[in-house]
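Participant: Got a structure here, written out as structure tokens. Questions coming.
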Amino acid sequence: MAHHFGAVAVAEASGLAEFGDDRGRLRDALWCCDMTTSPDGHLGDDRLAEIRRRHRPDDPVVRALAINVDERLAAVRRTHRLLRRTMV
Numbered sequence: 001m002a003h004h005f006g007a008v009a010v011a012e013a014s015g016l017a018e019f020g021d022d023r024g025r026l027r028d029a030l031w032c033c034d035m036t037t038s039p040d041g042h043l044g045d046d047r048l049a050e051i052r053r054r055h056r057p058d059d060p061v062v063r064a065l066a067i068n069v070d071e072r073l074a075a076v077r078r079t080h081r082l083l084r085r086t087m088v
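All residue numbers for the sequence shown refer to UniProt numbering, where the first residue is 1 and numbers rise by one.
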């Protein structure tokens, strides 16, 4: 959980980048869940906009979006691809 939803970028933006990022399917799946579900548990198509609305522009969470948004979206795509392959 230390690296849910791109926490490594948040840690870097906060000056707390002490732990490594365990890349792989589990991390991708966690990021996918976080990127596609709103704080109140509803599925959301525009999670990034929702995050920006909830946080100040200078918040580390928002600053982290600029650092790794492409990696977050790639994790969602990889997870969806894996799910499609395994559900056939």
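Cβ coordinates follow ideal geometry from the N, Cα and C atoms, glycine included.
Among the candidates M35, H55 and R25, whose CA atom is the shortest distance from the CA of N68?
Facilitator: Nearest C-alpha to N68: M35.
Participant: With T79 as the anchor, note down where its alpha helix (DSSP H) starts and where it stops.
Facilitator: Per DSSP, T79 belongs to the alpha helix (DSSP H) from P60 to T86.
Participant: Out of curiosity, what's the CA-to-CA distance linking S38 and A29?
Facilitator: Between S38 and A29, the C-alpha separation is close to 16 Å.
Participant: Might you give, ordered along the chain, the residues of its own chain that have their beta carbon closer than 8 Å to the beta carbon of G44, omitting 5 neighbours on each side?
Facilitator: Excluding positions up to five away in sequence, the list reads T36, T37, S38 and E50.
Participant: Spatial neighbours of V76 within its chain, please: C-beta separation below 6 Å, excluding the five flanking residues on both sides.
Facilitator: So the qualifying residues of the chain are C32 and M35.
Participant: Which residues does DSSP list as the beta-bridge partners of L48?
Facilitator: L48 is not bridged to any residue.
Participant: If you draw a straight line from the alpha carbon of P60 to that of R25, how long is it in whole angstroms?
Facilitator: When rounded, the distance between both Cα atoms is 25 Å.
Participant: Count the other CB atoms within 10 Å of the CB of T79; is the residue buried (16 or more) or exposed (fewer)?
Facilitator: It is buried - the Cβ of T79 has at least 16 other Cβ atoms within 10 Å.
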